[in-house]
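Taking numbering that gives the first Met the number 0, the leading residue of the sequence shown gets 0, the next gets one more, and so forth.
Just so it is clear, CB atoms sit at the ideal spot from N, CA and C, and this is done for glycine as well.
Everything numeric in this text was worked out from a predicted model, so none of it was measured.
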Amino acid sequence: MNDFSTTLKTWRAARRYSQLDLAMQAEISARHLSFLETGRARPSREMVVRLGEALELPLDARNQMLTYAGFAVRYAARDWNDEAMAPIRRAVSRQLERHMPYPGLAVDRLWTICQANAAAIALFAPFDVGVGGSLLDLMMSDILPQVVENWPEVAHQASLRLRTESAAQGGIPQFTEAIRYLTAAAASHEPPSSPVMPTILKMGDQRLSMFATVSQFGTPQDLFLDDLKIELYYPIDEATAQIFERLAAN
């Protein structure tokens, strides 16, 4: 039970909850929570589930807590191409296609592209990145500093996002090197003057200025789906909108 107790305390500290805060959130007594954290009390399966929900843990962390407490895992880890994921794939395809002629893609926990519309495929083709490719590897390559006009600012925002996603998951080791690389590249960044931080690409004689929205499924019950993110790119000016339209048409 020591692993469960340690993990519970670690996540409570990460969420910045006192024992009283978490006890109130989980609707249990602070005394019982204290016993759980010291190993003096053994949690039921229902208690582990309740604490995971109260802490808003990612699904794989909830599975880990259940395992440490001696119970079977609750959430499956399906492959993206699993038959059970077909309705999800259709929903993502519909969203990406309706976003045309602007680029849109779906990425997994490690920023691997699972699905993309035609505009996104055309946008990333010059970087030799397509479906199955890694945006994380692209971020750490020597390509982007040469073509992203505001690379220090973009690197800064990317490093912040990686830190946030890693913290939410209790740490993602694969992000460590990328965070270090992007933080060094962002040493001289300037605050943006626009409402959002654009990414400005110089591709030959073309200049694309765009920003992105990131969304997730609201009620995931699968480990893969819990981490899936849909990124939709939008032009920040009319010139970029016209370039996107030509890319999609071709």
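DSSP places Y101 in the coil class of the three-state scheme, outside both helix and strand. Note that the segment 231 to 249 touches the segment 208 to 215; at least 3 beta-carbon pairs, one per stretch, sit closer than 8 Å. Here the alpha carbons of F123 and A105 stand approximately 13 Å from one another. DSSP places S92 within a helical segment (H, G or I) once states are collapsed to three.
Residue burial is scored here from C-beta neighbours: M64 has at least 16 other C-beta atoms within 10 angstroms and is therefore classed as buried. For T37, the uninterrupted alpha helix (DSSP H) run begins and ends at 29 to 37, by DSSP.
In the three-state reduction of the DSSP assignment, E148 falls in the coil class, being assigned neither a helical nor a strand state. Under the three-state reduction of DSSP, Y74 is assigned to coil, being neither helix nor strand.
Contact between the segment 179 to 199 and the segment 146 to 154 is established, with three or more Cβ pairs separated by less than 8 Å.
In the same chain as N62, and ignoring 5 residues on each side of it, the C-beta atoms closer than 6 Å to its own belong to V72, Y74, in chain order. Here the segment 153 to 163 lies against the segment 177 to 187, with 3 or more beta-carbon pairs under 8 Å apart. In the DSSP annotation of this structure, E230 is not part of any alpha helix (DSSP H); the continuous beta strand (DSSP E) holding it starts and ends at 228 to 234. In chain order, L109 place their CB closer than 6 Å to the CB of Q173, counting only its own chain and leaving out the 5 sequence neighbours on each side.
P42 sits buried, since 16 or more C-beta atoms from the chains shown fall within 10 Å of its C-beta.
Bridge pairing for Q220: absent [DSSP]. If you compare the alpha carbons of L32, L134, E164, G38 with that of R49, the shortest gap goes to L32.
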